[in-house]
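Presented below is the structure to which this report refers.
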Amino acid sequence: MAGKNMKEKKKREKINWKKELKLTPGYLIILIWVIFTFMLLGWILAASLSTTSDIFAGNTLKFPSGLHFENYAKAWGSSNVATFFSNSLVYSLISCTLLILICAPAAYVLSRFKFIANKVIQTGFVSAMGVPITMIVLPLFGVVANLGILNNVLATKGVLILLYVGINIPYTTIFLLTFFSNISRTYEEAAAIDGCPPMKTFWRIMFPMAQSGIVTVTIFNFINIWNEYFLSLIFANSDELRPVAVGLYGMLQSMQYTGNWAGMFAAVVIVFLPTFILYIFLSEKIISGITGGIKG
Amino acid sequence: MKKNKGMIVAFLTPAVVIFLIVFLYPIIRTVMMSLYKIDSVTDAMDLWEFVGLGNFQKLFSTAIFKTAMYNILKIWAIGGVIVMTLSLLFAVILTSGIRGKKFFRAIIYLPNIVSAVALATMWLQYVYSSKFGLLKSFFEALGLKSLAATPWLDTAHKFWALLFAYCFGMVGYHMLIWMSGIERISPELYEAATIDGANIVQKFRYITLPLLKGVFKTNITMWTVSSAAFFVWSQLFSNVTADKSTLVPVQYMYMHTFGAGNAVTDRNAGYGAAIGIILSLCVVLIFTICNKLLKDDDLEL
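Have a look at this one:
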């Protein structure tokens, strides 16, 4: 291990200046973009720990009156952020779990067995990924409204979860399908010889083997559902039901009257923090998941 | 196979049933709805009044809807050129052997995982702010007083402010698609070209570009699909419910069917359905054109 590290260090120290010089314009362009991104996020973070008067005085980055962590406490307590946050968490976690339980078996069957409907289902799922949400939202709303459950908080939460699951089924299934097709069939053959029934083989052997694909697609689903806006806006008609994205929008509207800018920036940070933290730890996995799912 | 039949049915049923409920049924019903005048989305079918293609005709003779279509077309075309150019440029730079590639790649992709509402708020309340904005302090530091005083969010500038902020968030995703394509090109091709004396620009023009046709198609498709759903950014950039400079079809549809909107006098869910159809047809049309134009994909990677 140590030897490997030494070797890498040596490799790193040897800079080919001629080559680096050639790449300078490239470095510059990328650096400008990256610095801008840092400034944008860094300033928002600073503003969320500042006060409204300091922000307006242009002293956001100097913290003349110290760090104001109470902005977070206030935003969390007063403007329903806690409710929005726990709603988003519940929606995302339950939907992600259901998606895996529903899509993994479907993807496995589609990747392994030949039957007439197989091609039809796959084509249907792939096409659905390009269907604009406007194409499906009206009838869905009509059906749900006619069921008369939009006044019932728990039932509406159930409907929202069903919708989040539904719109992500095509993507999740196709992603896992590609994953399962890359796993060798020899495992199932061996299990069959040992007398293991196919369904048991799937849950005991294939499902655990697909773990890394399942994790990747779950991260994507989590981020997608956490950030989902349009369906939530239409179906979540009260603060008790709203997830963070829609809740934040409502807060922005009311902020125009209260003028608590520091609190608003704190709310913005609360909204993007969960996906941001996920990303810090899992960016490599997320990125490889995107590029892996794309066929040129 | 008999044993498997039970398994196939059991494993597929939940996914397929939910898919039929959430996609197939609504799509068919939206197609039907677009041909009727419907006072409320919740109305039963016997209350619908058949108008044929009337909804489409009416939409295309409504000035505000035409504005919305024109806006989304501009976002798709101009934003598309900006995003495709920048993302390809970044992808080429990052795959050219620079240091810290993984780090830069992660930072450039970062905006994609941030909620669009949060991201748009950052731009609106910080970057474009006329009181403590990033652009204001940047231009002030450079001594460009008149640029610093530009009201970025007034009617004249708002569309471009919106477009640039949106593009900033989209570049990372498309860059990753380009990169995956570039990384699949065999390095031997570049080595051979280097031996033959080709410079960086020539290598890009004669090797990278032609081999990226398929990836380009993927990029355009993805860009088109996200443009058709364009909504959050417009909603956040509008102070009033109908801001002509940033209005897009999805927003118009939302006002028409769900929300109170000052631009909407007669409620008709049929319009909403028709807008859904129009957007879907645009996606299909662009997809078909792309497939026709970029057909000769003999250079499989």
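Going down the list, the sequences are from chains Z and C. Here full-length UniProt numbering is used: the first residue of the first sequence is 1, the next is one more, and so on. Here full-length UniProt numbering is used: the first residue of the second sequence is 1, the next is one more, and so on. Heads up, the beta-carbon is just placed ideally off N, CA and C, and yes, glycines get one too.
Simplified DSSP assignment, three categories, for residue i
| i | result |
| --- | --- |
| residue 20 of chain Z | helix |
| residue 305 of chain Z | Beyond the ends of chain Z as shown, which are 1 and 296, falls residue 305 of chain Z; an answer cannot be given. |
| residue 37 of chain C | strand |
| residue 228 of chain Z | coil |
| residue 183 of chain C | helix |
| residue 240 of chain Z | coil |
| residue 50 of chain C | strand |
| residue 10 of chain Z | Reliability fails at residue 10 of chain Z, whose pLDDT of 47 lies under 50, so the model's placement of it is uncertain and no value is given. |
| residue 144 of chain C | coil |
| residue 29 of chain C | helix |
| residue 259 of chain Z | coil |
| residue 53 of chain Z | helix |
| residue 152 of chain C | coil |
| residue 296 of chain Z | Model confidence at residue 296 of chain Z stands at a pLDDT of 34, short of 50, so the residue's coordinates are unreliable; what they give is reported in the following sentence. The answer is coil: DSSP assigns residue 296 of chain Z none of H, G, I, E or B. |
| residue 60 of chain C | helix |
| residue 245 of chain C | coil |
| residue 212 of chain Z | helix |
| residue 297 of chain Z | No answer is possible for residue 297 of chain Z: it lies beyond the span of chain Z, which begins at 1 and ends at 296. |
| residue 22 of chain C | helix |
| residue 209 of chain C | helix |
| residue 157 of chain C | coil |
| residue 301 of chain C | With a pLDDT of 43 at residue 301 of chain C, under the threshold of 50, the predicted position of this residue should be treated as unreliable, though the coordinate-derived value follows. If DSSP states are grouped into helix, strand and coil, residue 301 of chain C belongs with coil. |
| residue 285 of chain Z | helix |
| residue 132 of chain Z | coil |
| residue 312 of chain C | Residue 312 of chain C cannot be examined here, being either before or after the span of chain C that is shown, 1 to 301. |
| residue 149 of chain Z | coil |
| residue 14 of chain C | helix |
| residue 274 of chain Z | helix |
Enclosing alpha helix (DSSP H) for residue i [first to last residue]
| i | result |
| --- | --- |
| residue 187 of chain C | 187–195 |
| residue 203 of chain Z | First-last for residue 203 of chain Z: undefined, no H or E at that position. |
| residue 102 of chain Z | 81–112 |
| residue 282 of chain C | 269–293 |
| residue 223 of chain C | 213–228 |
| residue 179 of chain Z | 153–181 |
| residue 233 of chain C | 232–237 |
| residue 66 of chain C | 63–74 |
| residue 124 of chain Z | 116–128 |
| residue 90 of chain C | 80–94 |
| residue 203 of chain C | 200–203 |
Contact with chain C by residue i, beta-carbon distance below 8 Å
| i | result |
| --- | --- |
| residue 132 of chain Z | yes |
| residue 95 of chain Z | no |
| residue 44 of chain Z | yes |
| residue 146 of chain Z | yes |
| residue 279 of chain Z | yes |
| residue 208 of chain Z | no |
| residue 283 of chain Z | yes |
| residue 166 of chain Z | yes |
| residue 5 of chain Z | Low per-residue confidence applies at residue 5 of chain Z: pLDDT is 48, beneath 50, and the placement is therefore not dependable enough to give any value. |
Chain Z within 8 Å of residue i, Cβ atoms only
| i | result |
| --- | --- |
| residue 276 of chain C | yes |
| residue 187 of chain C | no |
| residue 50 of chain C | no |
| residue 272 of chain C | yes |
| residue 131 of chain C | yes |
| residue 108 of chain C | yes |
| residue 126 of chain C | yes |
| residue 150 of chain C | no |
| residue 18 of chain C | yes |
| residue 29 of chain C | yes |
| residue 121 of chain C | yes |
| residue 8 of chain C | yes |
Residue i: CB within 7 Å of a non-hydrogen atom of the ligand MN
| i | result |
| --- | --- |
| residue 194 of chain Z | Looking at this structure, you won't find the ligand MN or any other ligand, since it has none at all. |
Test: residue i CB closer than 8 Å to a CB of chain B
| i | result |
| --- | --- |
| residue 11 of chain C | Among the protein chains of the structure shown, namely Z and C, there is no chain B. |
> If we count Cβ pairs, one from each stretch, closer than 8 Å, do we get three or more for the segment 210–230 of chain C versus the segment 284–298 of chain C?
Replying inline: Using a Cβ-Cβ distance cut-off of 8 Å, the segment 210–230 of chain C and the segment 284–298 of chain C are in contact, since at least three pairs of beta carbons, one from each stretch, lie closer than that value.
>> Can you confirm whether the segment 246–266 of chain Z touches the segment 68–75 of chain Z when touching is taken to mean that 3 or more C-beta pairs between the two stretches lie within less than 8 Å?
In response: Verdict: yes, contact present.
> Can you give, in chain order, each stretch of the alpha helix (DSSP H) that sits fully within the segment 99–124 of chain C and has at least 4 residues?
Replying inline: Look at the segment 99–124 of chain C and you find these whole runs of alpha helix (DSSP H), each 4 residues long or longer: 101–109, 116–122.
> Given 8 Å as the limit, is there contact between the segment 81–98 of chain Z and the segment 137–157 of chain C, that is, 3 or more CB pairs closer than that?
Replying inline: Counting Cβ pairs under 8 Å, fewer than three are found: no touch.
> If we count Cβ pairs, one from each stretch, closer than 8 Å, do we get three or more for the segment 20–35 of chain Z versus the segment 238–251 of chain Z?
Replying inline: Counting Cβ pairs under 8 Å, fewer than three are found: no touch.
>> Contact between the segment 87–102 of chain Z and the segment 150–165 of chain Z is defined here as three or more beta-carbon pairs at a separation below 8 Å; is this criterion met?
In response: Yes: at least three Cβ pairs fall under 8 Å.
> Within the chosen definition, does the segment 196–208 of chain Z reach the segment 133–150 of chain Z through at least 3 CB pairs nearer than 8 Å?
Replying inline: Short answer: they don't touch.
> So, do the segment 268–279 of chain C and the segment 51–58 of chain C have three or more beta carbon pairs nearer to each other than 8 Å?
Replying inline: The answer is yes - the segment 51–58 of chain C touches the segment 268–279 of chain C, with three or more Cβ pairs under 8 Å.
> When the Cβ atoms of the segment 64–73 of chain C are set against those of the segment 242–254 of chain C, are three or more pairs found closer than 8 Å?
Replying inline: They touch, by the three-pair rule.
> Is the number of C-beta pairs between the segment 78–96 of chain C and the segment 39–59 of chain Z that are closer than 8 Å three or more?
Replying inline: Contact between the segment 78–96 of chain C and the segment 39–59 of chain Z is absent, because fewer than three Cβ pairs lie under 8 Å.
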